[in-house]
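A.B. asks:
Protein chains: 2
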Amino acid sequence: MIDNPEILGLFAGFLTAFSTLPQTLKIIYSKKGEDLSGVTLFMLNGSYFLWLVYGIALNLLSVILWNVIALFFGTTLIILKLFVWTNNRPPKNISVP
Amino acid sequence: MIDNPEILGLFAGFLTAFSTLPQTLKIIYSKKGEDLSGVTLFMLNGSYFLWLVYGIALNLLSVILWNVIALFFGTTLIILKLFVWTNNRPPKNISVP
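For the record, the sequence lines run as chains S and Z.
Counting the first sequence from 1 gives a position; the working numbering is that position plus 420.
Counting the second sequence from 1 gives a position; the working numbering is that position plus 420.
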């Protein structure tokens, strides 16, 4: 049915690797990340790290490559989230009708 | 160095599968998800779906299992995010000092 599953794997890996990029850009532009779950971000980064070690152990180049990229964006995101972590107040220029 | 990489893979898959669960619980309790990137959620779910098809194509039981679980939580989360999507106003009981 599917001629070449590895093409699928490459595409899936690409999505995995870049999935936290839009969220990273969003938090940079909005400077707000309180709705984000820190636990989820730690679990995502933990999974990227374990997949990376798995890829190194089994010498799987695409697993290594995608998870290095994923870890880069994921780590950036969690650092940004922790920086704006305490931002629980309404922003100063809020207008309440 | 690593005796059994498949143990690592199982653990990594577990983290991947359950990574969106804390975020799902958080959005349920806070009823707020405007800081979440819809694009990121679509990319995550897209990757789970492609990994699932990949696992079916290559008959990889653990890939199938983890990604079915991941899709379940990921889909739940994106539905919740879309339901509270327009919630861009401050909540009614906000207290501004």
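All C-beta atoms, glycine included, are put in the ideal place defined by N, C-alpha and C.
Taking the C-alpha atoms as reference points, what is the distance between S:L456 and S:E426?
C.D. replies: Mapped onto the first sequence, residue 456 of chain S falls at position 36. Mapped onto the first sequence, residue 426 of chain S falls at position 6. For S:L456 and S:E426, the distance between alpha carbons rounds to 33 Å.
A.B. asks: May I ask you to report which of helix, strand or coil DSSP gives S:K501?
C.D. replies: Numbered from 1 along the first sequence, position 81 holds the residue referred to as residue 501 of chain S. Helix at S:K501.
A.B. asks: Using a beta-carbon distance below 7 Å, is S:S482 in contact with chain Z?
C.D. replies: Sequence index remark: in the first sequence, residue 482 of chain S carries index 62 (1-based). For S:S482, the answer is no, since every Cβ of chain Z falls outside 7 Å of its Cβ.
A.B. asks: Does DSSP put Z:K451 in a helix, in a strand, or in coil?
C.D. replies: The residue you call residue 451 of chain Z lines up with position 31 of the second sequence. Looking at Z:K451 - three-state DSSP - the assignment turns out to be coil, as it is neither helix nor strand.
A.B. asks: Which residues in the same chain as S:G494 place their Cβ atom closer than 8 Å to its Cβ, once the five residues preceding and following it in sequence are excluded?
C.D. replies: Here residue 494 of chain S refers to the residue found at position 74 when the first sequence is read from its first residue. Correct list, in chain order: T440, L461, L464, N465 and Y468.
A.B. asks: Let me confirm a value: Z:Y449 is counted as buried when at least 16 other C-beta atoms fall within 10 Å, else exposed. Which label applies?
C.D. replies: In the second sequence, the residue the question calls residue 449 of chain Z occupies position 29. By the 10 Å Cβ count, Z:Y449 comes out exposed.
A.B. asks: With DSSP as the reference, label Z:L479 as helix, strand or coil.
C.D. replies: Start at 1 with the first residue of the second sequence, and residue 479 of chain Z comes out as number 59. The question names Leu, yet the displayed sequence has Asn at residue 479 of chain Z. In the structure shown, Z:N479 sits in coil (DSSP, three-state: anything other than H, G, I, E or B).
A.B. asks: Would DSSP call S:N465 helix, strand or coil?
C.D. replies: Walking along the first sequence from the start, residue 465 of chain S turns up at place 45. Three-state result, S:N465: helix.
A.B. asks: Ends of the alpha helix (DSSP H) at S:L430?
C.D. replies: Position 10 of the first sequence, counted from the start, is the residue given in the question as residue 430 of chain S. Note, S:L430: alpha helix (DSSP H), P425 to F438.
A.B. asks: For Z:I499 and Z:E454, what's the separation of their Cα atoms in angstroms?
C.D. replies: Taking the second sequence and counting its residues from 1, one reaches residue 499 of chain Z at position 79. Taking the second sequence and counting its residues from 1, one reaches residue 454 of chain Z at position 34. Their backbone Cα atoms lie some 13 Å apart in a straight line.
A.B. asks: Would you verify that the beta carbon of S:L497 is, or is not, closer than 7 Å to some beta carbon of chain Z?
C.D. replies: Counting from one through the first sequence, the residue named residue 497 of chain S turns up at place 77. Not one chain Z Cβ lies under 7 Å of S:L497.
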